Amino acid sequence: MSDFLEILTHGRRFKAAVKELAIEDLKELAVKLDKVISERDSQAEAEAEATAERNAKIDEIRKQMEAVGLSIDDLGATAVKPAPKKRAPRPAKYAIDVNGEAVTWTGQGRMPTVFKNELDKGRSMDDFLI
Numbered sequence: 001m002s003d004f005l006e007i008l009t010h011g012r013r014f015k016a017a018v019k020e021l022a023i024e025d026l027k028e029l030a031v032k033l034d035k036v037i038s039e040r041d042s043q044a045e046a047e048a049e050a051t052a053e054r055n056a057k058i059d060e061i062r063k064q065m066e067a068v069g070l071s072i073d074d075l076g077a078t079a080v081k082p083a084p085k086k087r088a089p090r091p092a093k094y095a096i097d098v099n100g101e102a103v104t105w106t107g108q109g110r111m112p113t114v115f116k117n118e119l120d121k122g123r124s125m126d127d128f129l130i
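Quick note on the UniProt record's numbering: the sequence shown kicks off at 1 and runs consecutively.
Below is the structure:
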């Protein structure tokens, strides 16, 4: 895409690139480019209107705050709540040794296959308590 932009923005390279196009194709290209430009202009106008509207609301709220005697610092204490802290992971409740590797499980969530296989063989979960 950068090659396209380089050609489009450089006068001589652009002229060389469109040299082979017929006049009808150039006119069609100009119409499409004008359409893109007008769409961008309308987007920029809409964004400017939204920004002006937002700024007007902010000014209105500031005036209301001044009338009541509040400052932005007064709002800071109640405006932002800290994110809740994550709880510590649960300690393992069960452990089993498989081929020299210890497999642990908290007892919550899906049971590891290793434990399930041992239970199928007739062992009890009490055998794996830590």
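For every residue, glycine included, the Cβ atom is placed at its ideal position computed from N, Cα and C.
This one's a predicted model, so the numbers in the text were calculated from it and none came from an experiment.
Roughly how many whole angstroms lie between the Cα atoms of Arg-13 and Ala-50? 39 Å
Opposite Leu-129 in the DSSP bridges: which residues? Tyr-94
First through last residue of the beta strand (DSSP E) which encompasses Val-31: Premise fails: Val-31 lies in the alpha helix (DSSP H), 23-68, not in any beta strand (DSSP E).
Hey, is the segment 88-100 in contact with the segment 115-127, meaning 3+ C-beta pairs nearer than 8 Å? yes
Is the beta carbon of Ile-130 closer than 9 Å to that of Ala-92? yes
For Gln-108 versus Arg-90, is the C-beta distance shorter than 9 Å? yes
Check the C-beta distance from Val-18 over to Leu-26 and give it rounded, since I have them as a contact under 8 Å. 6 Å
By the three-class DSSP mapping on this structure, what secondary structure does Ala-16 have? helix
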